[in-house]
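I have placed the structure first, in the form of structure tokens, so that the comments after it can refer back to it.
Numbering (my numbering), first residue to last: 300 to 653.
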């Protein structure tokens, strides 16, 4: 979400980044309606509708990772320069926001001073304060560490080799569903942390998929739409099925996992479709998208604070959930952007807040 190569600028990548940022907020607003404070399922009458209005949102993290792979793979600078840039752009703002959230919860939920200190000291272990969206930074840092390892292969591999890797990765994204029938496959057991296709799993596939699109172009618009519709319908209907069998939030969200095949199909389709459209790059809307893209990292960090204030206020209205969620999301999106824009007026602060 924070990579932008000015010498090879592509406006459609800014659109994808802005869309992903909006969908992150949508997801976190929606969670307020189906997850209880104790992290159990809220079986309200709205739980069915949630499946229809939230089944596209899990593509947000895959889109961010694909954008990173599109710009960063293969590594073009020397190792020291590559990691220095990542530290300046990613690590410093992350640490600052972990501290901000630790202090914020001192006031918001009456954490003690000792809690604040412990949360800050805990940052090297895991995200200091238990704020769900901060997990993303550790994952993306892991991909940055992987970058110099896979770059030599990516520079010389053929299209068929890349497709072979992506096919194996796509199969591993089916494993969450295979586990419903076969709980352990391909050498999975408690004493084996890396079964047969372990090294083809996870977000590295999206990272390499972004590179693949850059080198070999995106899918056709027709194919993209087929993937989006197919992935969405499977995701939405599978969620409806899970309502009746899930006993925990993690079970309910099985079809929404970022590395599930249906989410992969939608992410690939949306990325390709946005890339194929010829967008006007002038005017107020284009200016807003470009500026939002530049500030998206900071918007990503701050939005959860805004959600925690907006949701209780707006959800008290009699508006149906299919209006409430888009309304809260849009207001939060705009407020987060405006607050960050005001903070950006302070010289040099962008280095510290993203």
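Every residue, glycine too, gets a C-beta built ideally from N, C-alpha and C.
Asked                                                                                                                                                                            : Found
When you compare the region 450-466 with the region 496-516, are there three or more beta-carbon pairs, one atom per stretch, that lie closer than 8 Å?                          : yes
Going straight from the alpha carbon of residue 633 to that of residue 512, what length do you get?                                                                              : 31 Å
State yes or no: is the C-beta of residue 524 within less than 8 Å of the C-beta of residue 572?                                                                                 : yes
So, does the region 430-437 touch the region 390-405, judging by three or more C-beta pairs under 8 Å?                                                                           : yes
Indicate whether residue 326 and residue 356 have their beta-carbon atoms separated by less than 8 Å.                                                                            : yes
When the Cα atoms are used, what is the spatial distance from residue 537 to residue 477?                                                                                        : 14 Å
In angstroms with no decimal places, state the Cα-to-Cα distance between residue 503 and residue 438.                                                                            : 10 Å
Are residue 311 and residue 555 close, meaning C-beta to C-beta below 8 Å?                                                                                                       : no
What number of angstroms, rounded off, separates the C-alpha of residue 530 from the C-alpha of residue 540?                                                                     : 15 Å
What three-state label does DSSP hand residue 340 in the structure shown?                                                                                                        : strand
Whole angstroms are fine: how far does the CA of residue 563 sit from the CA of residue 621?                                                                                     : 25 Å
By how many angstroms is the C-alpha of residue 382 removed from the C-alpha of residue 647?                                                                                     : 21 Å
Drop a sphere of 10 angstroms on the beta-carbon of residue 305, count the other beta-carbons inside from all chains shown, and report buried for 16 or more, exposed for fewer. : Low confidence applies to residue 305: its pLDDT is 42, below 50, so where it sits in the model is not reliable enough to give any reading.
Starting from the N-terminal side, write out each stretch of the alpha helix (DSSP H) that is 4 residues or longer and does not extend beyond the region 568-607.                : none
So, residue 557 versus residue 517, is the Cβ gap smaller than 8 Å?                                                                                                              : no
Out of curiosity, what's the CA-to-CA distance linking residue 443 and residue 365?                                                                                              : 13 Å
Going by C-alpha distance, which of 320, 559 and 370 is nearest residue 450?                                                                                                     : 370
Does the pairing of the region 587-595 with the region 486-500 give three or more beta-carbon distances under 8 Å?                                                               : no
Counting only runs that start and end within the region 346-386, where is the beta strand (DSSP E) found for 3 or more residues in a row?                                        : none
Check whether the Cβ atoms of residue 332 and residue 604 sit closer than 8 Å, and answer yes or no.                                                                             : no
Can you say whether residue 526 is buried or exposed, counting buried as having 16 or more other CB atoms within 10 angstroms of its CB?                                         : buried
Does DSSP put residue 488 in a helix, in a strand, or in coil?                                                                                                                   : strand
Using a Cβ-Cβ cut-off of 6 Å (strictly less than) and excluding sequence neighbours within five positions of residue 303, which residues of its own chain qualify?               : Residue placement at residue 303 is flagged as unreliable, the pLDDT there being 48, under the threshold of 50; the coordinate-derived value follows with that caveat. None.
What are the residues that DSSP puts in a beta bridge with residue 334?                                                                                                          : 340
Which value, in whole angstroms, describes the spacing of the CA atoms of residue 483 and residue 553?                                                                           : 17 Å
What does the Cβ neighbour count give for residue 567, buried or exposed, with the cut at 16 atoms within 10 Å?                                                                  : buried
Short check: CB of residue 354 to CB of residue 535, under 8 Å?                                                                                                                  : yes
Can you give the beta carbon distance from residue 386 to residue 359, rounded, assuming they're within the 8 Å contact cut?                                                     : That belief does not hold up - the Cβ atoms of residue 386 and residue 359 are roughly 24 Å apart, past 8 Å.
Run through the region 501-578 for me and flag every whole alpha helix (DSSP H) of 4 or more residues, listed as ranges in chain order.                                          : 503-515, 520-542, 548-551 and 560-575
Note down the Cα distance separating residue 471 from residue 548, rounded to an integer number of angstroms.                                                                    : 22 Å
By how many angstroms is the C-alpha of residue 413 removed from the C-alpha of residue 596?                                                                                     : 29 Å
Give the DSSP-derived three-state secondary structure of residue 449 in the structure shown.                                                                                     : helix
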